[in-house]
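From first to last, the protein sequence lines stand for chains W, S and P.
Note that our numbering gives residue 174 to position 174 of the first sequence, counting from 1, and the numbers run on in steps of one.
Note that our numbering gives residue 507 to position 196 of the second sequence, counting from 1, and the numbers run on in steps of one.
Note that our numbering gives residue 823 to position 201 of the third sequence, counting from 1, and the numbers run on in steps of one.
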Amino acid sequence: MGSDGGLKRGFWSMGQLDRELAESLLESARRHAAGPRRSAILPATEIAALFFETSTRTRVSFEVAATRLGATTIHFDSKASSLSKGESLQDTVETIASFGVDGLVVRSSAAGAPQLIADWTGLKVVNAGDGAHQHPSQALLDLYTLSERLGSLEALSGLRVGIVGDIAHSRVARSLMEGLNLFGAEVTLIGPATLMPPIGFGPAARMSSDFDECLGDLDVVYLLRLQQERIGQGLIPSFGEYVARYSLTRERYRRLKPEVVIMHPGPVYPGMEVDSAVIADESSLVRSQTRNGVFVRMAILEAVFGEGGRE
Amino acid sequence: MGSDGGLKRGFWSMGQLDRELAESLLESARRHAAGPRRSAILPATEIAALFFETSTRTRVSFEVAATRLGATTIHFDSKASSLSKGESLQDTVETIASFGVDGLVVRSSAAGAPQLIADWTGLKVVNAGDGAHQHPSQALLDLYTLSERLGSLEALSGLRVGIVGDIAHSRVARSLMEGLNLFGAEVTLIGPATLMPPIGFGPAARMSSDFDECLGDLDVVYLLRLQQERIGQGLIPSFGEYVARYSLTRERYRRLKPEVVIMHPGPVYPGMEVDSAVIADESSLVRSQTRNGVFVRMAILEAVFGEGGRE
Amino acid sequence: MGSDGGLKRGFWSMGQLDRELAESLLESARRHAAGPRRSAILPATEIAALFFETSTRTRVSFEVAATRLGATTIHFDSKASSLSKGESLQDTVETIASFGVDGLVVRSSAAGAPQLIADWTGLKVVNAGDGAHQHPSQALLDLYTLSERLGSLEALSGLRVGIVGDIAHSRVARSLMEGLNLFGAEVTLIGPATLMPPIGFGPAARMSSDFDECLGDLDVVYLLRLQQERIGQGLIPSFGEYVARYSLTRERYRRLKPEVVIMHPGPVYPGMEVDSAVIADESSLVRSQTRNGVFVRMAILEAVFGEGGRE
């Protein structure tokens, strides 16, 4: 309890969470990680997965989570759908809603689409990533993974986290900043000035365009994915230039604190944002992030679709 | 009972139904609408969905219906299949049949494919749309939705239904005409002469190329989807011309009877066959059509694959 | 028991089988063919299907087999995946493994990928075809189908089997040769010299470039699929030339022994490797091969993922 309304209408933004609700979700994820793989917590629930952008890890992670809770998932392949015939998003979504499902997991390139869809349909909607806006299940699994490595959520307080790369276009960065802020971590946003966020992007954070200068201070380095199209848009001069200044090379890795942890939302393209040897090192939490994603999404689905408690 | 053979071999055409059998299916659909969402009516049934044409609403509607009856569906994605390597339809279908499934739900661009496939394989086949031939589950859900709005099936007798658009190429129109004919409705086919059906298309119906002239007489306006390729084929001069004469604009809508109902098989492209404000009005049954599709398809699957009764 | 280790780590090559283990798998397949369609042999097992090459029959066959054993399958569509964004195979595979599944069914164009993936992930991996290397479930279903027709596995001893076509690039040929060798059949590889395998391809076998000369001696004609790209590669001059010398035409069919059996792994393109009347004849086992594929794959999945016995 504690927060205004909980997640009974859906979960589209980290802004819906206060610290108490976030802790409750993470505690629920821990119970799912420790518990039996399968349960009948959502036995008659039907959830449609609407992915308007391609995705492997997030889509499968949500589907596995739903299945393990006993729910039924309905897969909607946007490529094969009538959207390619020119049908509007609203019509597609209302059609799926008409089938009488209990809710939707939505990924869309349109910022705000999940909440809009919840309004249109009256259905519960879980955001699996909307444009450059929010990716709240990713932020929660990152918090989970960090607290697992550090031993407690309390250890996040005062932790120095550097988020590196294309901040301006990153729903991951935005959601994670809000999540870290709840637990008192100190965030530094690192990247070229052209990829820094506009004012009002999220909670206050330090900014730096000099990764090298920050290295010695960071407890956590969170690397974002760089999309090729940023070059064509003139936001970065070349990949070579980007790698030279912002990639976590082996050389930079050696200058980090010994107990530093490395995170990345995946998929990782070794040699771009990070050296392949670094990402394979034991300080990297990439595999843990993926594994924990299922537990965190079970907690989210239970909070949104379950009968009892996690409100 | 009542009709010759029932649907135990499959359901590929409205021509298989007499009034008694149609009523029985619609009554079964009403029981599914009123009953619990899930049952174990088809507990060990395996149904393969073979969609050789893309579809969202029909495919998902059948899959949801099958799942709610306790059946297992096997999804066959024609894009990823060996058909793209040159395999013949017959070989693909016989392969699926060899897996030992109980039956198939088939959508194909080839008129007559479902019955042919039933002959080839000996399996039960449900037609989810075959070329310009038949779309019987759509016709049944339209009858269901109309009778739900009107209060009874008897109210269909003498009802004046205008089907508007590309009649000649429409499996929806053909199946619906046969269905309406069973219950004594009076059908007027409305569209440009180039899109009127050939002789022998279906039950006798009035025809008109003047939508405006018909407006005041209609109790139901059923709008068909217009496919872009009709222009390239020289069957209509332009979309603008079509909209000017056959689109249900707000202006035409005002000249309809106050109690008129508007139907469309979806997907709707607002501004083409119908104005977006009209399709969103309460006289529009579009959402009801989609919702009822699941109940009607549950009734069809039960009649085809079930042990007892609905023959 | 009997063989070193059984299949508890996975099944990627016919080389893992001795005669005793092969017999045990085929006996298990017979029990599945005779038994009830559904069981709860693998009630809590989660198996991800990773098909990096398109496939209908093999993918669906494995999914049906898994479902009938009570397992859950997770479908990974390589087209929609992050692989298209440039993610490496290893990263994709490790991501799927991170979800906590029990194992993978993998098809890949890379020879050796299944065993590599088993090493990377520590998960059980079943090979559904890897490049030109191995297709062991196909070989087992072929052995099953042959012994079913002949009445026993013992009848394979001394049986004269001609494998016809593109031997060099065929994982089917390689696995089948190893399987036939276990049971004492005599294999002749038949095809143009440019499509004959290199030394060390598999067990010793006779080779011939003269199909006509071999016809009278063969008890089994196993036709391989010919891929169009072989022409572009200069390995065969034209389809016409190939058909003239290596297609099982009606004329050649008449010169075979009366009790000969015809096999083909599918999909069959009539008129290329074989005449359509021949493949439809009762001497053709093509449909039986597909049907038996499900039973054999149930046996394989039970051996790999089951608690008890088939080691």
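All C-beta atoms in this analysis are idealised placements derived from N, C-alpha and C, irrespective of residue type, glycine included.
Can you find a CB in chain P that lies within less than 8 angstroms of the CB of GLU405 (chain S)?
yes
Which word fits SER81 (chain W), buried or exposed, when buried means at least 16 other C-beta atoms lie within 10 angstroms of its C-beta?
Residue confidence for SER81 (chain W) is low, a pLDDT of 49 falling below 50, so the modelled location carries little weight; the figure read from the coordinates is stated next. By the 10 Å Cβ count, SER81 (chain W) comes out buried.
So, helix, strand or coil for ARG541 (chain S), using DSSP?
In the structure shown, ARG541 (chain S) falls within a helical segment according to DSSP collapsed to helix, strand and coil.
Can you give me, in chain order, the residues of the segment 862-894 of chain P that have a beta carbon less than 8 angstroms from any beta carbon in chain S?
GLY888, PRO889, VAL890, TYR891, PRO892
Extent of the continuous beta strand (DSSP E) run through LEU811 (chain P):
808-812
Whose C-alpha, out of W:PHE62, W:ARG287, W:ALA34, W:GLY35, is nearest the C-alpha of ARG47 (chain W)?
What sits at residue 47 (chain W) in the sequence shown is Ile, not Arg. When each option's Cα is compared against that of ILE47 (chain W), the closest is W:PHE62.
How about GLU63 (chain W): is its C-beta nearer than 8 angstroms to some C-beta of chain P?
yes
Within 8 angstroms of any Cβ in chain W, is that where the Cβ of VAL698 (chain P) sits?
According to the sequence displayed, residue 698 (chain P) carries Phe and not Val. Output row for PHE698 (chain P): interface = yes.
I want to verify the contact list: residues of chain W whose CB lies under 9 angstroms from the CB of ALA666 (chain P), in sequence order.
PRO36, ARG37, ARG38
Would you give the residue range spanned by the alpha helix (DSSP H) that SER399 (chain S) belongs to?
Run containing SER399 (chain S): none; DSSP gives neither H nor E here.
Quick one: does ASP91 (chain W) have its CB under 8 angstroms from some CB of chain S?
yes
Round the Cβ separation of MET14 (chain W) and GLN134 (chain W) to the nearest angstrom and send it over; I've been treating them as touching at under 8 angstroms.
Confirmed, Cβ separation roughly 7 angstroms.
Through-space distance from ARG19 (chain W) to VAL172 (chain W), alpha-carbon basis
Each residue's Cα considered, the two are about 19 angstroms apart.
With a Cβ-Cβ cutoff of 8 angstroms, do ALA610 (chain S) and ALA340 (chain S) count as a contact?
yes
Residue from S:ASP477, S:VAL579, S:SER366 with nearest C-alpha to PRO509 (chain S):
Out of S:ASP477, S:VAL579, S:SER366, S:ASP477 has the C-alpha closest to the C-alpha of PRO509 (chain S).
If you measure from the beta carbon of THR72 (chain W) to each beta carbon in chain S, is any gap under 8 angstroms?
yes
With 16 other CB atoms within 10 Å as the buried threshold, where does ALA662 (chain P) fall?
exposed
Quick one: what's got a C-beta closer than 6 angstroms to LEU629 (chain P)'s C-beta in the same chain, skipping five residues either side?
Within the same chain, LEU629 (chain P) has close Cβ partners ALA925, VAL926.
Just to confirm, are GLY321 (chain S) and PRO447 (chain S) a CB contact at a threshold of 8 angstroms?
No, the pair does not count as a contact, with Cβ atoms beyond the cut-off.
Beta-carbon contacts of ALA196 (chain W) that lie in its chain and below 8 angstroms, excluding the five residues immediately before and after
The sequence given here places Met at residue 196 (chain W); Ala does not occur at that position. Cβ neighbours of MET196 (chain W) beyond the five flanking positions: ILE167, ALA168, LEU189, MET207, SER209.
Buried or exposed for GLU405 (chain S), going by 16 or more other Cβ atoms inside 10 Å?
buried
Under 7 angstroms from the C-beta of SER409 (chain S): neighbouring residues of chain P
Counting only Cβ-Cβ distances below 7 angstroms, SER409 (chain S) has contacts in chain P at ARG909, THR912, ARG913, in chain order.
Can you name the residues that DSSP bridges to SER108 (chain W)?
W:ASP130
Nearest residue (CA-CA) to LEU226 (chain W), options W:GLY266, W:THR145, W:ARG38, W:ARG174:
W:GLY266
Could you say if the segment 251-259 of chain W and the segment 137-152 of chain W meet the contact criterion of at least three C-beta pairs nearer than 8 angstroms?
no
Output, in chain order, the set of chain W residues within a Cβ distance shorter than 7 angstroms of VAL472 (chain S).
Going along chain W, no residue has its Cβ under 7 angstroms from VAL472 (chain S), so there is no contact; the nearest lies around 22 angstroms.
For VAL441 (chain S), is the classification buried or exposed, using 16 other Cβ atoms within 10 angstroms of its Cβ as the cut-off for buried?
Note that residue 441 (chain S) corresponds to Asp in the displayed sequence, not to Val. Buried, by the Cβ-count rule.
Determine the chain S residues that contact THR767 (chain P) at a beta-carbon separation under 8 angstroms, and present them in chain order.
Chain S residues near THR767 (chain P): none, gap ~11 angstroms exceeds 8 angstroms.
To the nearest whole angstrom, what separates the beta carbons of ALA443 (chain S) and ARG418 (chain S), a pair I think is in contact under 8 angstroms?
Not quite, the Cβ-Cβ distance comes to about 13 angstroms (not below 8 angstroms), so this is no contact.
Does the beta carbon of VAL727 (chain P) sit closer than 8 angstroms to a beta carbon anywhere in chain S?
no
Taking C-beta to C-beta, are VAL589 (chain S) and ARG561 (chain S) nearer than 8 angstroms?
Yes, they are a contact pair.
Taking 7 angstroms as the limit between beta carbons, can you name the residues of its chain near LEU69 (chain W), skipping five residues before and five after?
SER39, ILE41, LEU42, MET298, LEU301, GLU302
Per-residue DSSP class, three states only, for ILE41 (chain W)
Assigned with DSSP and collapsed to three states, ILE41 (chain W) falls in coil, not helix or strand.
Applying the criterion that 16 or more other CB atoms from any shown protein chain within 10 Å of the CB defines a buried residue, is SER420 (chain S) buried or exposed?
exposed
Since VAL220 (chain W) and LEU159 (chain W) are thought to touch, with beta carbons under 8 angstroms apart, how far apart are those beta carbons, to the nearest angstrom?
6 angstroms
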